[in-house]
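J.: Okay, so the sequence shown: first residue is 2 according to my numbering, each after it adds one.
Glycine is no exception: its CB is placed at the ideal position from the N, C-alpha and C atoms.
Owing to the predicted nature of the structure, the values given are computational and were not obtained by experimental measurement.
Encoded as structure tokens, here's the structure I'll be asking about.
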Amino acid sequence: MLAIERLSKNFGGVRAVHHVDLRVEPQEIVGLIGPNGSGKSTIVNLVTGVFAPNEGRIRLRDQDIAGWAPHRVLAAGIARTFQNIRLFGNLTVWQNLWVAQNARSQQAEGALSRWLAVGRSRMTQIESTLDFCRLGDKRDELARNLAFGEQRRLELARALAAEPDLLLLDEPAAGMNAAEIDDLRERILGLRRRGKTVVLIEHHMELVMAVADRVAVLNFGEKIAEGNPAAVQDDGRVREAYLGTARRG
Ligand SMILES: Nc1ncnc2c1ncn2[C@@H]1O[C@H](COP(=O)(O)OP(=O)(O)O)[C@@H](O)[C@H]1O
Ligand SMILES: [Mg+2]
């Protein structure tokens with residue numbers, strides 16, 4: 002579904018991402034882990050068109066999407082959540098989803114057909130997303146009035162409203178308590194049942210180990226290990242990368 006090849010991005014002298022290869026198969030859940038500053042969010046930003054790479058390719062099915070504008074990447078079927086929640090605080094839950102849904106379809110349809118087609122199928126899709134993220138009873142609440150865990154669920158719902166095939170989740174468990182993480186785990190597994198493909202960037206190892214089919218590890222912008230979760234956890238370089246971080250402070 003997604004194939005990243007020799008992907009590189011520099012910020013001035015910083016090699017944020019260096020020659021990274023990564024393949025993601027349809028309906029796979031791939032964990033992407035690594036210490037702070039190892040280049041995880043930069044990869045999300047490169048894949049979703051926030052930055053153009055200095056080098057390398059990003060293939061989505063048979064298209065090279067490297068350097069595409071974000072709206073075009075979204076229209077091609079890739080959505081993401083943000084490490085720091087980004088919602089329209091003064092819109093309701095339902096309105097946030099409505100806006101997100103339009104962000105994709107606007108690119109795909111002309112204005113007339115858009116307005117004619119607005120109707121049952123759109124509504125149904127929003128309802129099912131609300132349901133899936135357990136936000137049905139919050140639909141008329143302003144996003145800024147939601148509890149933290151609910152905002153996180155709305156962030157996921159917002160990404161889903163664009164009906165992506167591939168979801169990039171950038172530290173979705175950040176700030177969550179244990180119960181919220183359990184709930185998130187069920188939601189991520191539910192995504193796969195709905196036919197989605199997921200790249201999960203996460204610090205909570207237990208969550209990654211519980212849901213990922215495969216894990217790739219970054220350190221200083223380079224991929225240092227990849228494999229099934231248990232094997233990666235036992236990998237000496239991976240331990241060293243995390244211990245090294247602890248020592249660095
Ligand atoms: N927009 C940017 N401008 C300059 N440097 C950046 C920018 N984004 C990320 N970096 C740098 O790139 C490196 C990787 O960052 P990032 O991808 O955010 O890491 P992670 O998500 O793994 O914590 C860090 O050294 C960070 O400071
Ligand atoms: Mg990050």
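Using CA coordinates, which residue listed in Leu131, Gln84 and His205 is at the minimum distance from Val45?
T.: Position 44 of the sequence shown, counted from the start, is the residue given in the question as residue 45. The shortest C-alpha separation from Val45 is found at Gln84.
J.: Hey, how far is the Cα of Leu278 from the Cα of Ala76?
T.: Any question about residue 278 goes unanswered here, given that the chain covers just 2 to 250.
J.: Using DSSP bridges, identify the partner residues of Gln64.
T.: Taking the first residue of the sequence shown as position 1, residue 64 is located at position 63. According to DSSP, Gln64 bridges with Leu61.
J.: For the alpha helix (DSSP H) that contains Lys139, what are its first and last residues?
T.: Locating residue 139 in the sequence shown gives position 138, where the first residue counts as 1. From DSSP, Lys139 is part of no alpha helix (DSSP H); its letter is neither H nor E.
J.: In chain order, what are the residues with a CB under 7 angstroms from some non-hydrogen atom of ligand 2?
T.: Result (chain order): Lys41, Ser42, Gln84, Asp171, Glu172 and Ile202.
J.: What did DSSP end up calling Arg159 once you bin it into helix, strand or coil?
T.: Position 158 of the sequence shown, counted from the start, is the residue given in the question as residue 159. Here Arg159 sits in helix by DSSP.
J.: Are there 16 or more other CB atoms within 10 angstroms of the CB of Gln108, so buried, or fewer, so exposed?
T.: Numbered from its first residue, the sequence shown carries residue 108 at position 107. With a pLDDT of 48 at Gln108, under the threshold of 50, the modelled position of that residue is not reliable, and the figure given next carries that caveat. When all chains shown are included, Gln108 counts as exposed.
J.: Give me, in chain order, the residues of the same chain whose beta-carbon lies closer than 6 angstroms to that of Gln102; leave out the 5 immediate sequence neighbours on both sides.
T.: As a position in the sequence shown, residue 102 is number 101, starting the count at 1. Answer for Gln102: Ala162, listed in chain order.
J.: Can you tell me which of the three DSSP states Lys197 falls into?
T.: Against the sequence shown, residue 197 aligns to sequence position 196. Three-state result, Lys197: coil.
J.: Tell me which residues share the same chain as Ala174 and place their Cβ nearer than 7 angstroms to its Cβ, disregarding the 5 neighbours each side in the sequence.
T.: Residue 174 sits at position 173 when you count from the first residue of the sequence shown. These residues qualify, in order along the chain: Ile182, Leu185, Glu203, His205 and Leu208.
J.: Hey, would you say Leu201 sits closer than 8 angstroms to Glu156, going by beta carbons?
T.: The residue labelled residue 201 in the question sits at position 200 within the sequence shown. The residue labelled residue 156 in the question sits at position 155 within the sequence shown. It is not a contact, given that the beta carbons lie outside the stated cut-off.
J.: Take Asn220 as the anchor and find which of Arg7, Arg16, Ile5 and Met2 has the nearest alpha-carbon.
T.: Here residue 220 refers to the residue found at position 219 of the sequence shown. Taking only the C-alpha atoms, the option nearest Asn220 is Arg16.
J.: Exposed or buried, what is Pro27 when buried is set at 16 or more other beta-carbons lying within 10 Å of its beta-carbon?
T.: To locate residue 27, count along the sequence shown from 1; it is residue 26. Pro27 should be labelled exposed.
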